[in-house]
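Engineer: Take a look at this one; I'll ask things after.
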Amino acid sequence: MSEHALPSASAPRVERWTPVSLGFTVALAGVLALLGFGPLLFGQGTIDNLTELYFLVILAIMWNALAGYGGLVSVGQQAFIGIGAYAVVFLSVEHSLSPYLAMALATLFGAAISIPLGAVVLWLRGGAFAIGMWVVAEVFAILVSLDATLGGGTGTSAVLAFNLRYTPEQRLHDTYWFAFAAAAISLAVVFALLRSRLGASLQAIRDDEDAAASVGVRVFFGKGVLFVLAGAGCTAAGAVIVAWQLSILPLGPDSIFGVNWTAKMIFMVLVGGLGTFEGPIVGAIVLYLLETYLSTRMGVWYLVMLGGIAIGVALLLPRGIWGTLQERLNTRLLPVGYRLRVGR
Amino acid sequence: MSALLSVERIDARHGLLQAVREVSLEVAEGETLALVGANGAGKTTLLRTIAGAHRPAGGRVVFDGRDVTRMPAHARARLGIALVPEGRRLFPQLTVEENLRVASASRRTGEWNVERVLDVFPLLQPRRRHRAATLSGGEQQAAAIGRALMANPRLLLLDEVSLGLAPVAVEGLYRSLEGLIESGTTIVLVEQDLARAMRVASRVVCMLEGRLVLEGRADDLTRERVTEAYFGLHARSGA
Amino acid sequence: MSWVNAVVHGILLGGFYALLATGLSLMFGVMRIINLAHGSLALVGAYMTFLVVEHLHVSAYVALLPVLPGALIVGYLLQRTVLERSLRAGELVPLLTTFGMLIVIGNLLQYFFSPDVRGLGSGSIGTASWRATSSLTIPWFDVLVLGVAVGVLGGLHILLRHTQLGRELRATAADPDTVELLGVNARAVYARATAIAVATAALAGVFYAMRSNFDPTTGPTQLIYAFEAVVIGGIGSLWGTLVGGIVLGVAQTVGARIDVQYFALAGHVVFLAVLTVRAVVQAGGFRVALRTAG
């Protein structure tokens, strides 16, 4: 048996950053800085629209974190959206807190609730977890609808929280900034997660949970982290939504606890690219455009279209727009993975 | 006399790994062919390709004059190809009898039925209504072979039937198979035990790393020659 | 309404849930698919029956004659087109596509039938009841539904244990690859399972429409109840679905007895309680396993 020594010049190198990803990250930082100054640069309509885009981005990122990284398909994240919205109303209207403080506290509250909830629900797998979460959402919706102080079945509004302290313009701007910060933080947290050790073990969990467990990956802990993250994120989105649209209802598919939110999250993530980092953002932009230009014109057919596209994408373009592009171009815009460079 | 089974330049892959490379062989009606080779040589993949459980990347499988390469496994079973898969793969929650009777899906009639199978494998008689998961290794293997026979096959493919069985059980199994072989059923069997394979078969082929490296009548080949081909200690020799 | 009345009505309601959940349980048992559109398909059965009743002027019972075979066909085609591909695409994909179907069906129904609430007549049985005692009244229709549920479950039991199709269903559920080697077309078997599931769902949907009002949003709600029945009774057990349905029904009616608005909530609470107990048991077992292994 002869021994072969590899000449050091051709030893494979592992890299995280590539020239493309470096360039893109710089460009991205520029765009973010620009958006950060949004209210000073854009008109009211644009600010309002961008706020919607931001909370859609948050929702997409969170749903993707659960399903794409953790293999957890949840049909009940609207539980947290509703909690976020109602917590803001409760704290700022009933207890006269500043609405933005209320929004931050609501997010913490959502994160806190997700811990005991996760302890119960994460034992479920697959479809059982999906519908289990939906039941949780329904329970929260019913409890809220039974509470007269929260407005009961006819819903409530955050109007009173804002009207006394803020002009409509201020509400618009401050909500924009909160949403922007929440979206940026969400992206940053997920980015850090993916680059961490936990990120690698999540990949293992997603690919084969039992195999991962057998090599010592802490499966339950990994799923738990994702669940709490998604809980906090969706709660923050719900807080933004109530500050944005002001009035909310507890019951019905279109309500703040409604299953249509899940429909939109699934649409964004599937169309954008399940399991990729950039995919949810692409999906959120697509949904945002559809919402802005088509939803009012199509009535009930709008949701039919969303559902139909989601089914079609799941079967025919499973990697979504971004996932497919990523594969074709063999590139990553943001350095979340590793690349193996062999030779030179 | 044309062959019952003709495998022509089959290429089979598992993902990027090439398991079977350009294998061609023929099996005449009534023959017993032993397919030997080390683990990973490609024997199971080849059997599965013949049975239709694995799609080849290239080549043809011709059965009784028909090109069945594109035919799904269940259609081939109805034509008369039956595979006893590696690891038995009985349906654990079904009883022995239920396992046997699933094979009536092949819609083939013939001499094989539940009673006949139990005659040939008497050790199954007392276990007839027991769930397959409760059977011993030897009983499971007998049931798996019986199940394939229930499809009244013209070609029976046996994949490592002695694997994991106690020597006594293997003895019993081959005694039951003797009758089968003598009755003229066409059989291809994969067997790790070279001596037994050469005793039982009329022809032997040997695979190494996906290729056919030796082929010949069992009477003509010595154990040493097969062993050499098995381990690849010699340059490839044809029959 | 007395407590005894509530419990008895709950048991009868459980019969309905068992019938509704049978298809869900079957599809999961054979194919490991949780069909999120199950409730919506049941609702389609109700709406189709409504159309037949409207246009042919027959009773809902007679309308079942064309509707049930139609449901069998729909289920078969559904499996061969969407669900088969979903299964191949990945473990979680069926959840996504059946959810998409839930959204599409619900909104299409809303378009074609408007959000109006409707009901189907249930004939003379529908209003007849037996006044057992001064505080207990048993509606015959609900007894009929429970009877049908037990009959369907029993029929399935016989089908699975004593027929070739049943053997093929169970074998394919256990090992879809090996079963092909024996001449069983696994995809056709799956399609038959889905056909049966959708037909039983449609039947349940029609019964639902006969005892209460329905509208396009009813589908998802019924799916949740059916799912809760399956989980409470134990996923994977057909007769467990009957038990689960009854437990759910009783929880709901007893909850409603306390306060009408607690109907659904009571069921959800029992469901979550069952989940919590199972989680605690699993966690306890997990820890024991860790201790004994370490």
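Chains as they are written, first to last, in the working numbering: chain A, 306 to 649; chain B, 35 to 273; chain C, 39 to 332.
Backbone N, C-alpha and C fix where the C-beta goes; we use that ideal spot for every residue, glycine too.
Can you pull the DSSP bridge partners for Cys-240/B?
Structural biologist: Reading the second sequence from its first residue, position 206 is the one you call residue 240/B. BP columns for Cys-240/B point to Val-70/B and Leu-248/B.
Engineer: Between Arg-43/B, Gly-213/B and Ser-36/B, which has its C-alpha nearest Phe-155/B's C-alpha?
Structural biologist: Locating residue 155/B in the second sequence gives position 121, counting from the first residue. The candidate whose alpha carbon is nearest that of Phe-155/B is Gly-213/B.
Engineer: Does the beta-carbon of Thr-256/B have 16 or more other beta-carbons within 10 angstroms, so that it is buried, or is it exposed?
Structural biologist: The residue you call residue 256/B lines up with position 222 of the second sequence. The residue is exposed, with fewer than 16 neighbouring Cβ atoms inside 10 Å.
Engineer: Taking Cβ positions only, does Ala-273/B come closer than 8 Å to chain C?
Structural biologist: Numbered from 1 along the second sequence, position 239 holds the residue referred to as residue 273/B. In this prediction, Ala-273/B has a pLDDT of 43, which is less than 50 and means its spatial position is unreliable; what the coordinates show is noted afterwards. Chain C, which has no Cβ nearer than 8 Å to the Cβ of Ala-273/B, makes this no.
Engineer: Starting from the C-beta of Val-260/B, find all residues in its chain whose C-beta is less than 8 Å away, skip the five residues before and the five after it, and write them out in chain order.
Structural biologist: Your numbering for residue 260/B matches position 226 in the second sequence. Closer than 8 Å at Cβ, skipping near neighbours: Val-70, Leu-228, Met-232, Val-238, Cys-240 and Leu-248.
Engineer: To be precise: take each residue of the segment 68-79 of chain C, compare its Cβ to all Cβ atoms of chain A, and keep it if any distance is under 9 Å. Which residues remain?
Structural biologist: Answer in chain order: Arg-70, Ile-71, Ile-72, Asn-73 and Leu-74.
Engineer: Around the Cβ of Ser-20/C, are there at least 16 other Cβ atoms within 10 angstroms (buried) or fewer (exposed)?
Structural biologist: Residue 20/C cannot be examined here, being either before or after the span of chain C that is shown, 39 to 332.
Engineer: DSSP three-state call for Ile-221/B: helix, strand or coil?
Structural biologist: Sequence index remark: in the second sequence, residue 221/B carries index 187 (1-based). It is a strand residue.
Engineer: Scan the segment 132-146 of chain C for residues whose Cβ lies nearer than 9 Å to a Cβ of chain A and list them as they occur along the chain.
Structural biologist: Answer set for the segment 132-146 of chain C: Pro-132, Leu-133, Leu-134, Thr-135, Thr-136, Phe-137, Gly-138, Met-139, Leu-140, Ile-141, Val-142, Ile-143, Gly-144, Asn-145 and Leu-146.
Engineer: Hey, does Ser-124/C have any beta-carbon neighbour from chain E nearer than 8 Å?
Structural biologist: The chain labelled as chain E is not found among the protein chains of the depicted structure, namely A, B and C.
Engineer: Below 8 Å on the Cβ atoms is my guess for Trp-368/A versus Val-530/A; work out the distance and round it to an integer in Å.
Structural biologist: Here residue 368/A refers to the residue found at position 63 when the first sequence is read from its first residue. Here residue 530/A refers to the residue found at position 225 when the first sequence is read from its first residue. That belief does not hold up - the Cβ atoms of Trp-368/A and Val-530/A are roughly 16 Å apart, past 8 Å.
Engineer: Which whole-angstrom value describes the C-beta separation of Leu-422/A and Val-441/A, a residue pair presumed to lie in contact below a C-beta threshold of 8 Å?
Structural biologist: Within the first sequence, the letter at position 117 stands for residue 422/A. Within the first sequence, the letter at position 136 stands for residue 441/A. With a Cβ gap of about 7 Å, Leu-422/A and Val-441/A count as contacting.
Engineer: Going by beta-carbon coordinates alone, are Ala-56/C and Ala-267/C separated by less than 8 Å?
Structural biologist: Here residue 56/C is taken as the residue at index 18 of the third sequence, counted from 1. Here residue 267/C is taken as the residue at index 229 of the third sequence, counted from 1. Against a cut-off of 8 Å, the Cβ pair of Ala-267/C and Ala-56/C comes out as a contact.
Engineer: In whole angstroms, what is the alpha-carbon distance linking Val-298/C and Ala-304/C?
Structural biologist: As a position in the third sequence, residue 298/C is number 260, starting the count at 1. As a position in the third sequence, residue 304/C is number 266, starting the count at 1. Whole-angstrom Cα-Cα distance: 10 Å.
Engineer: Give me whichever residues DSSP pairs with Arg-169/C in a beta bridge.
Structural biologist: Here residue 169/C corresponds to residue number 131 of the third sequence, with the count starting at 1. DSSP lists Thr-175/C as partners of Arg-169/C.
Engineer: In terms of DSSP beta bridges, what is Asp-193/B paired with?
Structural biologist: Against the second sequence, residue 193/B aligns to sequence position 159. In the DSSP output, where bridge partners are listed per residue, Asp-193/B has Val-224/B.
Engineer: If you draw a straight line from the alpha carbon of Thr-171/C to that of Asn-43/C, how long is it in whole angstroms?
Structural biologist: Within the third sequence, residue 171/C is the residue found at index 133, counting from 1. Within the third sequence, residue 43/C is the residue found at index 5, counting from 1. The alpha-carbon atoms of Thr-171/C and Asn-43/C are separated by roughly 10 Å.
Engineer: Terminal residues of the continuous beta strand (DSSP E) containing Val-41/B?
Structural biologist: Taking the second sequence and counting its residues from 1, one reaches residue 41/B at position 7. 39-48 is the span of the beta strand (DSSP E), which, as asked, contains Val-41/B.
Engineer: If we count Cβ pairs, one from each stretch, closer than 8 Å, do we get three or more for the segment 57-77 of chain B versus the segment 141-150 of chain B?
Structural biologist: The answer is no - the segment 141-150 of chain B does not touch the segment 57-77 of chain B, with fewer than three Cβ pairs under 8 Å.
Engineer: Please report the distance separating the alpha-carbon of Ser-379/A from that of Thr-540/A.
Structural biologist: To locate residue 379/A, count along the first sequence from 1; it is residue 74. To locate residue 540/A, count along the first sequence from 1; it is residue 235. Their Cα atoms are separated by approximately 15 Å.
Engineer: Near Thr-87/C, which residues of its chain fall below 6 Å by C-beta distance, leaving aside the five closest residues on each side in sequence?
Structural biologist: Residue 87/C sits at position 49 when you count from the first residue of the third sequence. Excluding residues within five positions, the ones whose Cβ falls inside 6 Å are Ala-98, Ala-101, Val-105 and Val-244.
Engineer: I want to verify the contact list: residues of chain C whose CB lies under 9 Å from the CB of Val-398/A, in sequence order.
Structural biologist: To locate residue 398/A, count along the first sequence from 1; it is residue 93. By Cβ distance, chain C contributes nothing, its closest Cβ being about 24 Å from Val-398/A, past 9 Å.
Engineer: Using a threshold of 8 Å, state whether the C-beta atoms of Ser-167/C and Met-248/C are closer than that.
Structural biologist: Here residue 167/C refers to the residue found at position 129 when the third sequence is read from its first residue. Here residue 248/C refers to the residue found at position 210 when the third sequence is read from its first residue. Against a cut-off of 8 Å, the Cβ pair of Met-248/C and Ser-167/C comes out as no contact.
Engineer: As a quick exercise: from Ile-44/B, Thr-66/B and Glu-131/B, pick the residue whose alpha carbon is nearest that of Asp-101/B.
Structural biologist: On the second sequence, residue 101/B is found 67 positions in, with the first residue counted as 1. Cα-wise, what sits closest to Asp-101/B is Ile-44/B.
Engineer: Does Phe-265/B pass the burial test, meaning 16 or more other C-beta atoms within 10 Å, or should it be called exposed?
Structural biologist: As a first step, residue 265/B is located in the second sequence; it is residue number 231 there, counting from the start. Classification for Phe-265/B: exposed.
Engineer: According to DSSP, which residues form a beta bridge with Leu-59/B?
Structural biologist: Along the second sequence, one-based indexing puts residue 59/B at 25. BP columns for Leu-59/B point to Val-41/B.
Engineer: Please determine, among Phe-125/B, Leu-192/B and Leu-242/B, the residue with the shortest C-alpha to C-alpha distance to Gly-220/B.
Structural biologist: Counting from 1 along the second sequence, the entry for residue 220/B is found at position 186. One point to set straight first is that residue 220/B is Thr, not Gly, in the sequence displayed. With distances taken between Cα atoms, Thr-220/B lies closest to Leu-192/B.
Engineer: Does the Cβ of Leu-364/A have 16 or more other Cβ atoms within 10 Å, making it buried, or fewer, making it exposed?
Structural biologist: If you number the first sequence from 1, residue 364/A lands on position 59. Result: buried.
Engineer: Quick one: residues in its chain with C-beta nearer than 8 Å to the C-beta of Phe-125/B, no 5 flanking neighbours on either side, listed in chain order?
Structural biologist: Your numbering for residue 125/B matches position 91 in the second sequence. The answer, listed in chain order, is Glu-132, Asn-133, Val-136 and Ala-166.
Engineer: Exposed or buried, Gln-475/A, counting other C-beta atoms within 10 Å across all chains shown (16 or more means buried)?
Structural biologist: As a first step, residue 475/A must be located in the first sequence, where it is residue number 170. So Gln-475/A counts as exposed.
Engineer: State yes or no: is the beta carbon of Arg-161/B nearer than 8 Å to at least one beta carbon in chain C?
Structural biologist: Numbered from 1 along the second sequence, position 127 holds the residue referred to as residue 161/B. Not closer than 8 Å to any Cβ of chain C, the Cβ of Arg-161/B fails to qualify, so no.
Engineer: If the criterion is Cβ atoms closer than 8 Å, does the pair Val-190/C and Thr-238/C meet it?
Structural biologist: The residue labelled residue 190/C in the question sits at position 152 within the third sequence. The residue labelled residue 238/C in the question sits at position 200 within the third sequence. Cβ atoms of Val-190/C and Thr-238/C: closer than 8 Å.
Engineer: Can you give me the C-alpha to C-alpha distance between Ala-264/C and Gly-83/C, rounded to a whole angstrom?
Structural biologist: In the third sequence, residue 264/C corresponds to position 226, counting from 1. In the third sequence, residue 83/C corresponds to position 45, counting from 1. Going by the C-alpha atoms only, they are around 16 Å apart.
Engineer: Does Gly-332/C come within less than 8 Å of chain A when only Cβ atoms are used?
Structural biologist: If you number the third sequence from 1, residue 332/C lands on position 294. Bear in mind that the predicted position of Gly-332/C carries a pLDDT of just 44, short of 50, making it unreliable; the figure below should be weighed with that in mind. Judged by the 8 Å Cβ criterion, Gly-332/C is not in contact with chain A.
Engineer: Flag Pro-119/B as yes if its beta-carbon sits less than 8 Å from any beta-carbon of chain C, otherwise no.
Structural biologist: Locating residue 119/B in the second sequence gives position 85, where the first residue counts as 1. So yes, Pro-119/B belongs to the interface.
Engineer: Cβ atoms of Leu-134/C and Ile-571/A: under 8 Å apart, would you say?
Structural biologist: In the first sequence, residue 571/A corresponds to position 266, counting from 1. In the third sequence, residue 134/C corresponds to position 96, counting from 1. Contact: yes.
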